[in-house]
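Protein chains in written order, with numbering that gives the first Met the number 0: chain P, 0 to 385; chain A, 0 to 385; chain S, 0 to 385; chain C, 0 to 385. Yeah, the Cβ is synthetic: ideal placement off N, Cα and C, and Gly gets one too. Treat the numbers as computed from the prediction; the structure is a model and nothing was measured.
There are 4 protein chains.
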Amino acid sequence: MAPRTGLWFIGARGSVATTATVGALAMTAGLAPRTGCVADLPEVAVAAPPGVDDLLIGGHDVVGDALPKRAEALAAGGVFGHELARAVHSGLVEVDARVRPGITSNAGFQRDAIEQVSRDVAGFRAAHGLDRVIVIDVSTTEPPLELAPEHRDLDELDRALAAGESPLPASGVYAYAALRAGCPFVAFTPSPGPRLPAIDQLAHRTQLPWAGTDGKTGETLIKSALAPMFATRALRVRSWASYNLLGGGDGQALADPETAESKTRSKNKGLASILGHPVDGPMHIDYLPDLGDWKTAWDLVSFEGFLGTKMSMQFTWQGCDSALAAPLVLDLARLMARAHRAGAVGAVESLGFFFKDPAGDTPHDLAGQWRALLDWCGQIGSGEQR
Amino acid sequence: MAPRTGLWFIGARGSVATTATVGALAMTAGLAPRTGCVADLPEVAVAAPPGVDDLLIGGHDVVGDALPKRAEALAAGGVFGHELARAVHSGLVEVDARVRPGITSNAGFQRDAIEQVSRDVAGFRAAHGLDRVIVIDVSTTEPPLELAPEHRDLDELDRALAAGESPLPASGVYAYAALRAGCPFVAFTPSPGPRLPAIDQLAHRTQLPWAGTDGKTGETLIKSALAPMFATRALRVRSWASYNLLGGGDGQALADPETAESKTRSKNKGLASILGHPVDGPMHIDYLPDLGDWKTAWDLVSFEGFLGTKMSMQFTWQGCDSALAAPLVLDLARLMARAHRAGAVGAVESLGFFFKDPAGDTPHDLAGQWRALLDWCGQIGSGEQR
Amino acid sequence: MAPRTGLWFIGARGSVATTATVGALAMTAGLAPRTGCVADLPEVAVAAPPGVDDLLIGGHDVVGDALPKRAEALAAGGVFGHELARAVHSGLVEVDARVRPGITSNAGFQRDAIEQVSRDVAGFRAAHGLDRVIVIDVSTTEPPLELAPEHRDLDELDRALAAGESPLPASGVYAYAALRAGCPFVAFTPSPGPRLPAIDQLAHRTQLPWAGTDGKTGETLIKSALAPMFATRALRVRSWASYNLLGGGDGQALADPETAESKTRSKNKGLASILGHPVDGPMHIDYLPDLGDWKTAWDLVSFEGFLGTKMSMQFTWQGCDSALAAPLVLDLARLMARAHRAGAVGAVESLGFFFKDPAGDTPHDLAGQWRALLDWCGQIGSGEQR
Amino acid sequence: MAPRTGLWFIGARGSVATTATVGALAMTAGLAPRTGCVADLPEVAVAAPPGVDDLLIGGHDVVGDALPKRAEALAAGGVFGHELARAVHSGLVEVDARVRPGITSNAGFQRDAIEQVSRDVAGFRAAHGLDRVIVIDVSTTEPPLELAPEHRDLDELDRALAAGESPLPASGVYAYAALRAGCPFVAFTPSPGPRLPAIDQLAHRTQLPWAGTDGKTGETLIKSALAPMFATRALRVRSWASYNLLGGGDGQALADPETAESKTRSKNKGLASILGHPVDGPMHIDYLPDLGDWKTAWDLVSFEGFLGTKMSMQFTWQGCDSALAAPLVLDLARLMARAHRAGAVGAVESLGFFFKDPAGDTPHDLAGQWRALLDWCGQIGSGEQR
C-alpha cells in the first residue's frame, strides 16, 4: 500500500535527516530492527501512529551533495554500516529527487520565500496523494533572537511581510510556510520557529499542531534522568559542570559562540526546574573535528548529603549524535501525524519527552515526561483526546 | 515534649547507626539541615510521619567501642565535622547507655536469644513510655541462606525452636524477636530476616508491618534512575559492568566472597526488571581499606542505538556510604512508625523507593518507586490506607 | 628484492597475528602509514633493522579459519577497514598457505612435537632462502606453571624428553623447537616459554637471543608512564585499583581464573618496582563478549600529598587490543632480526620497552625502558654491541 | 642552629604560601612526613640543598587576613588537618609578623616601589643574619603582557623608571627589586617577572640566578608524563581536550578570560614540543567556587594507532592545588639557595621539572626533566657545576 504520510525535512541532506531517511528505508525493507524507535514501543504504539513504512520523505536543503553521497560519508564515519547505505541506495536516489532548494538569507522578499516553500510542500502532498505532511526542521541552529513586535503578534508580522520586510529568521519562514500549507511543524533544533508568538498564533488560526523545541539526545537526556534522583533523595546539588565535544556539522555551527548560546540556554532550563533551585557550573560546547559524527560529554555533579557531607558523581557519554536524533525525528513525524489526525492544535505539550526545551508547562524530568507521553498515547488511542 | 517513637538499631554502634544517631541528635538540636531526609520533603511529609525530634534511639550491638568514640572515628574519616560530633557528645553518651549486648552465634538456645532480645526491646518501650518502637537491622551482612523447611513455615520454625534447635540466621532471630515484642521491623541490609516466609507469616499473625531489603544508597540507586532512560528511549543495553570499591566495615564483610554474593544478588535484580531482559556484565565489590568510609563505583554501560550503532556511557560515583545510608534509616523509622499507626501489616511494598531488593511486586525504576511512595503518602495522610 | 627475514607466528591465525599480517602487507604495498611502528621512529631506525617489506610471514596454528576470513571478521569489528582487508586479500591467501598445523596437547611424544615444529620452521627458512626466521608466540595465554626440575635444567629436560615424557607447556615446546632450528624466539604472551631456565640454557647453548615476556599494550603501558610521576614527585601512592574489560579471544582465555592469574602476576610486577613499595588494590580481568576486539580499562589511583592530603586520579583507556599489539610484534621481529645479526645471545634485556614483565634486570618505567632501547639501538647501529 | 636561608614570598598570605609555611613549620617540628618534597628524595638530596628546617620565612602581601586565620580557613577546606594548623600557631604568628605590605597598582613611582621592596627584602636578610634570601612569586596571576621596548632592554627600562614611568607589571617590580637586593628569584606563577628580557639582563648583570615559570602541579604534570607514551609508541595523538575546574583564589583570577589566556598559553607549549606536532583540542579553566581549594580536571585524548584505528583515553584528576604547589615551592627555595651558593647565573634551566613553561631550551617531558634535574644535582653535589 502506498504511503499516506509525508515527512518533509528542512535540512533534508543534513546528517540527521540523512540518517533518518536511511533508517526509514532500511526498516521498511526489513533490513534493520526498531532499536531507538520510541513509537514502536508497545506503550506508545497504543496511540496507533502511522508506521515507518507509511512515511514518504522529501524536503528542502541549501547544500548540493546528494543523499547517496551523504550516506556514504556517514557510513565512513561509523554512523551505520556501508552495506546498509548501499542496500537503500535506490531509495535514497528517489528521496533526493524530492529535495527542493532551500531559501537563503539574501533571497529577496520574505513573503515570496514563504509562498515558495508553501507551494513546494503542498505540491509534494498533492503529487503523492498524501493525507498529510509533517514538516520537521533539522537544519543548522540559528543564533538567539531578540523578539521584535513582528515576532510577538501575527497581524504585525503579516503587515511587515506585506510591506516587503524580512523580519523572520529562516526557521520562522519555514514554520510560517508549513502552517500556511496546512502542515504540522516540528522544531527539532533550538531555532525559534514556532516558538515565536506570532507563529503560534498562526498555528491556532490554522488549527494546526506544532511540537518543539530542540531534540533531547545526549547530555540533557541524562540530566533529566539523573537530576530527579538527587531531588527525590533530598540531596542538594551544589554544582553541575557540563562539557560537550562535538565533531559534526552541528559542532561547527555551535563553535560560533552566538549560536552556542542558543543551545546552552535550552540545555540549562531543565535542571533548575527539576531541582527547584538554580545550579552553578560551567557549560561548554566545543567543536573538535576529530570526533566526526560522534560526541563525547563529561559532566561533574557535586552534591551535598546528610550533615553536609560533600560527594560527587561524574559521567562520560560517548554517543553518535545523528544516530541518537534520527529515530526521534521519525517518532515525531509519526506521532505528530497522529496528533493532526486527532485534531490537535497549537503546541503539543505531551511530546515534551523528546525535547530539551519543551513547549508549554510540562515536566522536565524524563520519567514525568514519559508518563505524560503515555497518558496522551492512551487517550489519543482511545479517541478521548486531540 | 518527650519523644513517643523508639528507634532500635541492630548494630547500634556501626557506622550507619552512629551516623544516623549523630544526625538525629544534631537535627533535633537545630545544628544540621535536613539534607538527605526524604521524609521531610513536602510531598512525603503529607503522610505526617513523626519528626526526627520524636525519635528515641537505643539498640543492640556486639562490639565494645562506645558511640562517642565511634563518632570521633567517623568525623576523622570525613563523614561529618568534628564540631558536630562534639556538640552531640552528651546525647551520644545517653544513647550508648541504651545499647544492650547483641546475640552471638554461640549464644545457646536460639529460643532464649529471641526471648532476651524481645525483652530488651519491650523493656526499652516500657521504660520510656513509647507509643511504638521500630527495629532496624543495620548490622553486618550475612551470607546467602539455603531455605530449609523451618524457614518456610512458621509452625515448623516454632517446633524447631521449641526443640532447642537454632535454625535461624541472626537477622531472623532479631526479626522474630522484634515482631514478638510487637515492633515493626526494617531490614536495611541484604540479610534475609523478614524475607524468610516463616517470619513474614509471623508478621501477619502479629498484625505488624515490615520493610526491606537492602538500603539503596549508591550504584544501584543510579542504575534505577538511569536504566529507564535506555528503556523508554528504546535503546538496547548490551552490557553493564559494575565495579565497587569500599573501604569501611561493610567493604571488609563483603570481601568475603560468600557474603558478597548476597549483595551482588540483590544489586542485580533491578536492572533486568527495568530493561525487560537480562544484561551481561561483571559486578565486583572490592575491599580497599585506603578508602575509609568512602566508596567509589565505576560503571560502564554499552548500548546499541538506531541501526545498531554502538555507544557507551560510564560513570564514577564517589560517595560516603554511611552518610548516604543514615538519613534513609531515619526516614524508614519515621515512615514505618506512621505505617504502624495506620495499621499496615506484612511487607510495606510502597517503601520500595528505599531498597535495592524491594519486597513484593513493586517497580524497580526510581521514578516509579517515587510515585508509589507519594501515592501511599497521600493515601495514608488522608487516612485512606493502612 | 625478495624478503630475507622470516616471521613465524605461533598462533598465526589469531587476532594479533592476523592484524600484524594485514598491516605488514598493507604497509609493504604503501597502503597504510607507519603509525604504531616503533622501529620506524628515527631514534630506533638508527639500529638499521630490516624493513617491514623485508618480512616473509608464516606460522603454526591449531584453528581452521583461513586468514582472509579472519581478516574480514576483524574488519567487521572495526580493527581496520574492510577495503584494507580486501586490498591485501591475495597476500593473505599466500601467507595462509604457509600456516602449518600447530601441536595439540594430546600430540604424543613431546620430543616428536619439538622435532616436527623445528622441521616446519627450518623448512620455511630453506624454502624461501631466508637469512633468518624470528619465531613469535602470540597464541593463547597458558596458566601459570609450577617449576619442576625438568624446567630448571636443560640436561634434566633432555633426559625427560628422551624418556618419552612431556614435561613442557606448549610455549616451551615451541621455544625449544625454534632454538633447535636456529631461530630467535619472542614470547609476546605471559606464557613461560623461554623464561623456563632450561630453555634459557638452550638459548645460550645454541648462541641465540630471545625476548619477552607479555607485550605491553594497554593499562600496564599507562602505569609504566604514570607511576614514575608519583615517584619523582614524592607523592605516596596509597592504592591502585585496576579493572579490565576484554571482549576478544584473549578475554575469553582470561575468563579462566587460573589463566588470568598468569596475566595479573605479570601486570603487577612493574608498579612496586617503580614506586619502591608494594601497592594495595584489586585487579580484575573480565570477559565481556559485547566489546569484541576492544578493551576498556578503568584505574583508580589514590595517593597522598603534602601534609597527608589525600587525592586521586582515575583514567579510562579504550583501545583495540589487536591494533595495539600488532605493530609491536612487527617491531620485535625486526629488532630481534637485527639483534640476531649482531650476535646477541640469551635474553635481550634492552627490549624491555615492549613487555609487561621484561626479562632481566631492566627498568620498569617507560621512559627508562625507552632510554635503554635507544642506547642499545645506538650501540648496535654503530656496531659496538651485540 | 638558627636558619641561614631566607624564603621571601610575594603573596605570603595566599593559599600556596600559607600551606608551604604551615608545612615548613610542621616538618621542622617533626609533625609531618616529607611527602611531596622532591628535594628530600635521595637522588636529589645529593645536591646537598639546605634543609626545610634551615628556612626562615617572610614576605609581602596586599591582603589583611593573618596567617593563623588563613591556615584555619585552609584546614576547614581539607587542605591539612585542624590539629596541624593549631600545632604551628605560634610559628605562624611569628612568620606573619615578618609580612610587609605589598605594592599596589596605584602606588606612585614604580622606581620607589622597587626601592621599597628591595629594602624590605634586604632588611629581612640583615635582621636575621641570613646567608641568602630566595624570593618566590606565588601571588595572583597577571594577564599576558605585550612586550614594549622597556621590557626588552634593561637600559631602556632604567631610563623609563628614572623618568618616573611605570612600565613594569607587578611581577616585574618584585623581580627587579629582588635582584637589586641580591636575591635569586623564582616565578611560580605564569606572570612574566624574570622572563622579561630586561629582567633577565639584570640577573646577568647582578650575577644572580632565577627560575620559572608557572609551577607544574596538575593536568600539565600528567600531560608531561603521558604524552611521551604516545610519542615513543608512534601513536598519533589526534586531539587532546582539557577542562579544568578550580574553586580557590586562583580559579577566581583565572575566571577573568584575559588572565586565563596567560595560563592556557603556558599549559599548551609542552604538548606540541613532546609530540612533535601541534595538537587540536579545547582548553578551558572554569571557576567553580563550590570546589574550594580543590581542583578537578578532565582530559580526553583521542589518538590513532596501527592501520589508522582510532582509540581514546580519558582521565580525571582530583587534587588539592595548594597541597600540590606548596612542597614544590619549598623545593625551589632550597634548590635555588644551593644554586646561588654554587654561583649559578640567569635562568636555571635544570629546574624545568618544576614548571609548566620552563625557561630555556629544556625538555618538556617529565622523565627528561627529571633526568636533567638529577644530572644537575649530581654535578652540583660534586662541585662540578654552578
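Annotation for residue 270 of chain C: 222, 226, 239, 278 place their beta carbon closer than 7 angstroms to its own, counting only its chain and skipping 5 residues before and after. Runs of the alpha helix (DSSP H) lying entirely within the segment 90–153 of chain P and spanning at least 4 residues, in chain order: 109–126, 148–151. For residue 187 of chain C, same chain residues with a beta-carbon under 8 angstroms away, outside a window of 5 residues either side, are 15, 135, 136, 137, 211, 212, 213, 214, 324, 327, 328, 331 in chain order. Its chain contains 244 as the residues whose beta carbon lies nearer than 6 angstroms to that of residue 285 of chain S, once the 5 sequence neighbours on both sides are disregarded; these appear in chain order. Where residue 321 of chain S is concerned, there is no enclosing beta strand (DSSP E), although the alpha helix (DSSP H) around it starts and stops at 320–340. In the DSSP assignment, residue 245 of chain C forms a beta bridge with C/286, C/294.
Taking 8 angstroms as the upper bound on Cβ-Cβ separation, chain A lies near residues 303, 304, 305, 306, 307, 308, 310, 311, 312, 313, 314, 315, 316, 317, 318, 319, 322, 323, 325, 326 of the segment 301–327 of chain P. Bridge pairing for residue 19 of chain S: absent [DSSP]. Residue 365 of chain A is positioned such that its CB atom lies no closer than 8 angstroms to that of residue 349 of chain A. Runs of the beta strand (DSSP E) lying entirely within the segment 192–237 of chain S, each at least 3 residues long, are 208–211 in chain order. Listed in chain order, the alpha helix (DSSP H) elements of length 4 or more contained wholly in the segment 28–55 of chain A are 41–44.
As a beta-bridge residue in DSSP terms, residue 300 of chain P pairs with P/239, P/312. Here DSSP, grouped into helix, strand and coil, assigns residue 187 of chain P to coil. With three or more CB-CB distances shorter than 8 angstroms, the segment 4–22 of chain P counts as touching the segment 49–59 of chain P.
The beta carbon of residue 268 of chain P is closer than 6 angstroms to those of 356 in its chain, skipping five residues each way along the sequence.
For residue 35 of chain P, a Cβ of chain A is located within less than 8 angstroms of the residue's own Cβ. Residue-level contact check: residue 331 of chain S does not touch chain C, since none of the beta carbons of chain C fall below 8 angstroms from its beta carbon.
The beta-carbon distance between residue 47 of chain C and residue 337 of chain C, rounded to whole angstroms, is 7 angstroms. This is short enough to meet the 8 angstroms contact definition. Check the Cα spacing between residue 295 of chain A and each of S/295, S/289, S/290, S/280: the tightest is with S/280.
If you draw a 10 Å sphere on the C-beta of residue 154 of chain A, you find fewer than 16 other C-beta atoms in it, and that means exposed.
Per DSSP, the beta bridge partners of residue 5 of chain P are P/55, P/132. Ranked by Cα distance from residue 292 of chain A, the first of A/2, A/11, A/18, A/1 is A/18.
Spatial neighbours of residue 318 of chain P in its own chain (CB-CB distance under 6 angstroms, excluding positions within 5 residues in sequence) are listed in chain order as 217, 294. Ranking P/142, P/161, P/140, P/139 by CA distance to the CA of residue 149 of chain P puts P/161 first. Taking all protein chains shown into account, residue 276 of chain S has fewer than 16 neighbouring C-beta atoms within 10 Å of its C-beta and is therefore exposed. Put simply, the segment 24–34 of chain S does not touch the segment 156–174 of chain S. Fewer than three CB pairs are less than 8 angstroms apart. Taking one beta carbon from each stretch, the segment 107–118 of chain A and the segment 22–29 of chain A have fewer than 3 pairs nearer than 8 angstroms; the two do not touch. Take residue 206 of chain S, set aside five residues on each side of it, and the residues of its chain with a beta-carbon closer than 6 angstroms to its own are 344, in chain order. Within chain S, the C-beta atoms nearer than 9 angstroms to that of residue 283 of chain A come from 242, 281, 283, 285, in chain order.
The residues 57, in chain order, have a CB closer than 6 angstroms to that of residue 97 of chain P in the same chain once the five nearest residues on each side in sequence are set aside. Scanning S/52, S/70, S/309 for the CA closest to the CA of residue 321 of chain S turns up S/70.
For residue 225 of chain P, a Cβ of chain A is located within less than 8 angstroms of the residue's own Cβ. From the beta-carbon of residue 235 of chain C, no residue of chain P is found nearer than 9 angstroms; the closest lies around 11 angstroms away. Identification of chain C residues near residue 238 of chain P by a Cβ-Cβ cut-off of 7 angstroms yields 287, 289, ordered along the chain. Close partners of residue 73 of chain P in chain C (Cβ separation under 7 angstroms) are lacking, with about 16 angstroms as the shortest Cβ gap.
It is roughly 10 angstroms from the alpha-carbon of residue 143 of chain C to the alpha-carbon of residue 168 of chain C.
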